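Okay, structure first, notes after.
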Amino acid sequence: MAQKPRTVICVGDIHGYISKLSNLWLNLQSAIDPSEFSSALVIFLGDYCDRGPETRKVIDFLISLPEKHPDQTHVFLAGNHDFAFSGFLGLLPRPSDGSDLKDTWKEYEGSEEREGWYRGEGFEDMHLQGRRWAGKIKATFNSVKGMAYKGSIYDAGSTFESYGVPHGSSDLMKAVPESHKKFLTNMVWVHEEDDVCIDTEEGLKHCKLIAVHAGLEKGNNVEEQLKLLRAKDTSISKIQHLSGRKNVWDIPQVRHRKNQTLC
Numbered sequence: 001m002a003q004k005p006r007t008v009i010c011v012g013d014i015h016g017y018i019s020k021l022s023n024l025w026l027n028l029q030s031a032i033d034p035s036e037f038s039s040a041l042v043i044f045l046g047d048y049c050d051r052g053p054e055t056r057k058v059i060d061f062l063i064s065l066p067e068k069h070p071d072q073t074h075v076f077l078a079g080n081h082d083f084a085f086s087g088f089l090g091l092l093p094r095p096s097d098g099s100d101l102k103d104t105w106k107e108y109e110g111s112e113e114r115e116g117w118y119r120g121e122g123f124e125d126m127h128l129q130g131r132r133w134a135g136k137i138k139a140t141f142n143s144v145k146g147m148a149y150k151g152s153i154y155d156a157g158s159t160f161e162s163y164g165v166p167h168g169s170s171d172l173m174k175a176v177p178e179s180h181k182k183f184l185t186n187m188v189w190v191h192e193e194d195d196v197c198i199d200t201e202e203g204l205k206h207c208k209l210i211a212v213h214a215g216l217e218k219g220n221n222v223e224e225q226l227k228l229l230r231a232k233d234t235s236i237s238k239i240q241h242l243s244g245r246k247n248v249w250d251i252p253q254v255r256h257r258k259n260q261t262l263c
């Protein structure tokens, strides 16, 4: 008798909304057969922080899952917001090419004043995205999203507040507990599964799943992109696979889909 395919769950952007995450988890438990849920592969597709009011509680929730559901497999991908949060906290790996993290500033230095990049404690050796994340943008309204900015271009003000410190304060570096720093450090940029089953009109198909926050870039060699993502190459100023929109595969018009299945 053929073994039943493992259930794979992909969870998109959470952005600091603990109540929505808790409700989603309860709904998954109700909708999926208990034996399938208990052994599922759960891939969180990144963007755990910013915008919503409870980043700290969201990360606490995610950290608790392996103990609460020991037979599940949990994968935590980095989104562009989480990458920037990690950059501010000094948790990113050093660039593999021997360059300095400050070298990532050069490409976008024309935006420094407008975006109000962070210039406080530790900025001298900080990745560009960490400085942007903790900065104070001059504009008050984001016309693209139709809402007010929450402190920075990343809307990071709510993350600072969830840890009890004001936006842009270096005190956040001490306020974030070690368990959260470990979680952020251990995030992966890509996850690959060689045999995932999906239902199609032609029946069940076995596919390779590549999960990445935004997507793989159009027109570029897939294996070269995967090599970059596996290596966590921090010499890049803006990692399109984590933050790209127009140049990644198959993003629906209304809502981003943060995974790709290659059959």
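Quick note: the sequence shown, position 111, residue 111 per UniProt numbering, numbers continuous. Beta carbons: idealized from backbone N, C-alpha and C, even for Gly. Remember, predicted model here, so these are calculated numbers, not experimental data.
Residue j and residue i - do their beta-carbons sit closer together than 8 Å?
i	j	result
A211	I14	no
S169	G52	no
K136	S162	no
F61	I32	no
I198	K205	yes
D82	Y48	yes
T234	P66	no
S243	E107	no
S39	R6	yes
Of all the options the options, which has the alpha carbon lying nearest to the alpha carbon of residue i?
i	options	result
residue 265	S19, G46 and Y17	There is no way to answer for residue 265, as the model of the chain reaches only from 1 to 263.
D103	Y48, E124, S111 and L229	E124
K174	H81, I59, L209 and G90	G90
F85	L62, L128, D97 and E192	L128
W133	L204, N80 and C197	N80
D97	G244, K232 and K238	K232
G219	T200, I236, N247 and E192	N247
S130	K182, L101 and G12	Before going on, a small fix: residue 130 reads as Gly here, not Ser. The residue with the shortest Cα to Cα distance from G130 is L101.
T140	E115, P34 and E121	E115
L92	H167, E36 and T185	T185
W105	F88, G120, E54 and M126	M126
S179	R6, R56 and T7	R56
V75	T200, F183 and K145	F183
G16	L26, F37, L24 and E54	E54
V8	F37, L24, W25 and L26	F37
I63	E224, K181, N221 and E202	K181
Less than 8 Å between C-beta atoms, sequence neighbours within five positions excluded: which residues of the same chain meet that for residue i?
i	result
V190	L77, I210, A211, V212, L226, L229, R230 and H241
G164	A175
Q260	Reliability fails at Q260, whose pLDDT of 48 lies under 50, so the model's placement of it is uncertain and the value that follows must be treated cautiously. Counting only Cβ-Cβ distances below 8 Å, and skipping sequence neighbours, we find L209, I210, A211, V212, G215, L216, W249 and D250.
P166	F160
M147	F141
Can you find the residues in the same chain that come closer than 6 Å, C-beta to C-beta, to residue i, ignoring five residues on each side of it along the sequence?
i	result
K4	none
D195	H206
T73	L41
E192	I210
K150	G157 and S158
G120	S170
F88	G130, W133 and A134
N142	Y149
H256	Model confidence at H256 stands at a pLDDT of 42, short of 50, so the residue's coordinates are unreliable; what they give is reported in the following sentence. Excluding residues within five positions, none has a Cβ falling inside 6 Å.
Round the Cβ separation of residue i and residue j to the nearest angstrom and send it over; I've been treating them as touching at under 8 Å.
i	j	result
V58	L21	6 Å
D155	D71	With 8 Å as the limit, D155 and D71 do not qualify as a contact, their Cβ atoms being about 36 Å apart.
Is the beta carbon of residue i within less than 7 Å of some heavy atom of the ligand ADP?
i	result
I18	The ligand ADP is not part of the structure shown, which contains no ligands of any sort.
Near residue i, which residues of its chain fall below 7 Å by C-beta distance, leaving aside the five closest residues on each side in sequence?
i	result
S99	S235
K138	R114 and G116
- Could I get the ranges of all uninterrupted beta strand (DSSP E) runs contained in the UniProt domain "Calcineurin-like phosphoesterase" (7-130), with 3 residues as the minimum, in chain order? 8-11, 41-44 and 73-76
- Quick one: complete beta strand (DSSP E) runs, 3+ long, within the segment 195-239? 203-211
- Query: What residue ranges within the segment 133-199 form continuous alpha helix (DSSP H) runs of no fewer than 4 residues, ordered along the chain?
  - Reply: 157-162, 172-175 and 178-186
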